[in-house]
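The working numbering numbers the first residue of the sequence shown as -2 and each following residue consecutively.
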Amino acid sequence: MGDLGGQQDSDTNEESQKSKKFQKVSIIPLIFLIFYEVSGGPFGIEDSVHAAGPLLAILGFIILPLIWSIPEALITAELGTMFPENGGYVLWVSSSLGPFWGFQQGWMKWLSGVIDNALYPVLFLDYLKSGIPALGGGLMRTLAVLILTVGLTYMNYRGLAIVGWVAVFLGVFSILPFIVMGFIAIPRLDVSRWFIADFNNVDWGLYLNTLFWNLNYWDSISTLAGEVHNPKKTLPKALFYALILVVLVYVYPLLTGTGAIPLERELWTDGYFSEIAKILGGVWLRLWLQGASALSNMGMFVAEMSSDSYQLLEWHNAVSLIFRISLNSKSFYAFFMPLS
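Next comes the structure, spelled out in structure tokens:
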């Protein structure tokens, strides 16, 4: 068993040596990769106002990061610097609980990521179909999904540095319309609207699910640690700045939307920020925000594709180790030798 453990360490070291020449991801692209793996923008947080009103929605996106996001990010920073290699949480579990549980962690997280990632090209086309009806269904839609998937997958194949800077561009483009909308809204802000709350009329399930969904998955970036320039310094800093960015990207639009527009909770559902943009700035701002929302799906696709891809590296090592252990076990020979 000691020899197998040494062989696993040797394999890991070899992979680490091979990946050194690819450690090109600096702090700014890394921040936006984390941003897209966790958030992608304030698209979809409207349900928090629908479920609980402005006060609880704003407080939720301030308080939950303190009790959930920060601890998860700290764990990722600590273990990511302790194991600055590709594979992330699969490597953590394999090292502490053994290759069997590393394998279980790997395939379950990978399956979850693949299912989740399959949504983004479809959502991107859903934003475009109002302007391009042919993308609403049929052969054109199928071809468009395939072209998007193959093209973005090829981008990941070309290297994480490319993906990182694409994430920066998409992130800036997605955030800018909300910044503009905030400045336009200043003359119409009524601060008293932020404090509206009805504790007897709260959909706690929808409220908590919306918060958790938009503030989770800080550990995803750990699978890319081997591709980060100086990960022991860069990874903790990137997580810190990404956490601030994510919280601001949620709270700022909520303050803008709830403060500038009279509250009608039933209207606060997915896509309502685009209606607020039209009210405050006109059709041009609405179109910009809708375009940002569509492209945000592409950012989430490439970020999650990168995370899932590098996760497979350590998962493969766990599978290989399980197989080697099986070949050297008495149970293996007791079962198979009589068959030979």
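Backbone N, C-alpha and C define an ideal beta-carbon position, used for all residues, glycine too.
Asn197 classed as buried or exposed, judged by whether at least 16 other C-beta atoms fall within 10 angstroms:
Burial call: exposed.
Proximity to Phe121 [Cα-Cα], best of Val299, Leu309, Gln308
Val299 is the residue among Val299, Leu309, Gln308 whose C-alpha sits nearest the C-alpha of Phe121.
DSSP three-state label for Val199, please.
Coil at Val199, not helix or strand.
Less than 8 Å between the C-beta atoms of Ile28 and Ala222, yes or no?
Cβ distance not < 8 Å, so Ile28 and Ala222 don't count as in contact.
Lys229 burial status per 10 Å Cβ neighbour count (16 or more: buried):
Counting Cβ neighbours within 10 Å, Lys229 comes out exposed, since fewer than 16 surround it.
With a 10 Å radius around its C-beta and 16 neighbouring C-beta atoms as the bar for buried, classify Ser337 as buried or exposed.
Low confidence applies here, because Ser337 scores a pLDDT of 43, under 50, leaving its location unreliable and the question unanswered by this model.
Measuring straight from C-alpha to C-alpha, what distance separates Gly134 and Val142?
Distance between Gly134 and Val142, taken at the CA atoms: about 11 Å.
Expressed to the nearest angstrom, what Euclidean distance is found between the alpha-carbon atoms of Gly77 and Leu186?
Separation of Gly77 and Leu186 (C-alpha to C-alpha, rounded to the nearest whole angstrom) is 42 Å.
Checking the sheet assignment: what are the DSSP bridge partners for Val22?
DSSP lists Val225 as partners of Val22.
Could you pull out every residue in the same chain whose Cβ sits closer than 7 Å to the Cβ of Leu292, ignoring the five residues on either side in sequence?
The answer, listed in chain order, is Leu167, Phe170, Ser171.
Enumerate, from N- to C-terminal direction, the unbroken alpha helix (DSSP H) stretches of 4 or more residues contained entirely within the region 73 to 159.
Qualifying alpha helix (DSSP H) stretches, in chain order: 86 to 94, 96 to 114, 116 to 125, 135 to 155.
Secondary structure of Phe170, DSSP reduced to three states:
Looking at Phe170 - three-state DSSP - the assignment turns out to be helix.
Can you tell me where the alpha helix (DSSP H) with Phe58 in it begins and where it stops?
Residues 51 to 61.
Assigned exposure category for Thr139 - 16 Cβ within 10 Å defines buried
Residue burial is scored here from C-beta neighbours: Thr139 has fewer than 16 other C-beta atoms within 10 angstroms and is therefore classed as exposed.
Taking the alpha-carbon positions, what's the Asn211 to Arg190 distance?
Taking the straight line from one Cα to the other gives about 23 Å.
Thr253 versus Gly37 - alpha carbon distance:
Rounded to whole angstroms, Thr253 and Gly37 show a C-alpha spacing of 18 Å.
If you drop the 5 nearest sequence neighbours on each side, which residues of the same chain put their C-beta closer than 7 Å to that of Ser306?
Residues Asn153 of the same chain have their beta carbon placed closer than 7 Å to that of Ser306, with the five preceding and five following residues left out of the count.
Measure the alpha-carbon distance for Val199 versus Gly179 and round it to whole angstroms.
Rounded to whole angstroms, Val199 to Gly179 spans 27 Å at the Cα level.
Cβ-heavy atom distance, Glu261 to the ligand COA, below 7 Å
Among the ligands in the structure shown, none appear at all, so the ligand COA cannot be discussed.
Does the pairing of the region 65 to 73 with the region 240 to 251 give three or more beta-carbon distances under 8 Å?
Enough Cβ pairs lie closer than 8 Å, so yes.
How far does the alpha helix (DSSP H) with Tyr269 in it extend, from its first residue to its last?
It spans 269 to 278 - the alpha helix (DSSP H) in which Tyr269 sits, taken as one unbroken run.
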